[in-house]
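Here the structure is laid out as structure tokens; the discussion comes afterwards.
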Amino acid sequence: GDDYVMSVKSFKRLLALLSDKFSCVDLETFLLTDGNKYDKPLCHITFDDGYLDNLEVAMPLLKQFKLPATVYITSGYIAKNKIPLHHYIYKLYNLGYDSLIETGINKFDLQYIFKGIEMDRNSIALLVSQTSIQQQNKLCEYLIVKTGVNPDWSIFLTPNQLKSFSREPLISIGSHTVS
């Protein structure tokens, strides 16, 4: 699995803990209110990038616990057939393309980033994300051609899903980045 994804069961336990131990408030209240006015410490829940599971999985649980949150959208991923390269690398690693990923890294002269680093899926994904967009695009195109495996474009919200999400009273939408 993805090391940066929390199971639904763990997320539900986290929300229960936050609900019990903190005063979870909307972003404006969190930023502008004196926390001493609350009997518990303040917290605000945030999600980065605008993943579809924020709407399909997190939203029902946020409603259940009546917890507000802010979703920060990466606009470059909304309906653009574009995903972060590290997601694609995770997928290829899970399909057994380890050596091809390393070949691609060598082909596009990205070895300098990996000097002294063990070549595992997490280190490669994180370090490749620090390269230029042009290098990432070249590596992604190379891997698509060589493997025939397409990235999963459906992991981000579509414009219509984003509109639906923005109508939820517990949710505020913010801008994360473009790409």
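Start counting the sequence shown at 88; every next residue gets the next number (this note's numbering).
Where is the CB? At the ideal position from N, CA and C, for every residue including glycine.
Please read all numbers here as calculations on a predicted model, not as lab measurements.
Quiz item: Which of helix, strand or coil does DSSP assign to residue 180?
Solution: helix
Quiz item: Going straight from the alpha carbon of residue 160 to that of residue 225, what length do you get?
Solution: 25 Å
Exercise. Classify residue 122 as buried or exposed, calling it buried when 16 or more other Cβ atoms lie within 10 Å of its own Cβ.
Key: exposed
Self-check item: 7 Å Cβ shell around residue 135 - same chain, five flanking residues per side excluded
Solution: 159 and 263
Quiz item: Taking the alpha-carbon positions, what's the residue 97 to residue 221 distance?
Solution: 37 Å
Quiz item: By DSSP, does residue 88 sit in helix, in strand, or in coil?
Solution: Interpretation of residue 88 is limited by its pLDDT of 45, a score under 50 that renders its predicted location unreliable; the figure taken from the coordinates is listed afterwards. In the structure shown, residue 88 sits in coil (DSSP, three-state: anything other than H, G, I, E or B).
Quiz item: Rounded to the nearest angstrom, how far is the Cβ of residue 236 from that of residue 148, given a contact under 8 Å?
Solution: Going by Cβ atoms, the distance from residue 236 to residue 148 rounds to 32 Å, so no, they are not a contact pair.
Quiz item: Of all the options 140, 155 and 127, which has the alpha carbon lying nearest to the alpha carbon of residue 258?
Solution: 155
Quiz item: Of the choices 129, 165 and 99, whose alpha-carbon is the least far from that of residue 242?
Solution: 165
Quiz prompt | Burial state of residue 191, where buried means 16 or more other Cβ atoms lie within 10 Å | solution = buried
Quiz prompt | Buried or exposed by the 16-neighbour rule on C-beta atoms within 10 Å, applied to residue 125 | solution = exposed
Quiz item: Ends of the alpha helix (DSSP H) at residue 136?
Solution: Unbroken run through residue 136 is the beta strand (DSSP E), 132–136; no alpha helix (DSSP H).
Practice problem: Write down the C-beta distance between residue 230 and residue 175 rounded to the nearest angstrom, noting that I regard them as a contact closer than 8 Å. | Solution: 7 Å
Self-check item: Where residue 262 sits in the DSSP three-state scheme
Solution: strand
Quiz item: How would you call residue 112, buried or exposed, if buried means at least 16 neighbouring beta carbons within 10 angstroms?
Solution: buried
Quiz item: The beta strand (DSSP E) with residue 160 in it runs from where to where?
Solution: 156–161
Practice problem: Find the nearest neighbour of residue 153 within the set 261, 109 and 93, judged by alpha-carbon distance. | Solution: 109
Quiz item: Nearest to residue 162 by CA position, among 238, 246, 99 and 143, is which residue?
Solution: 246
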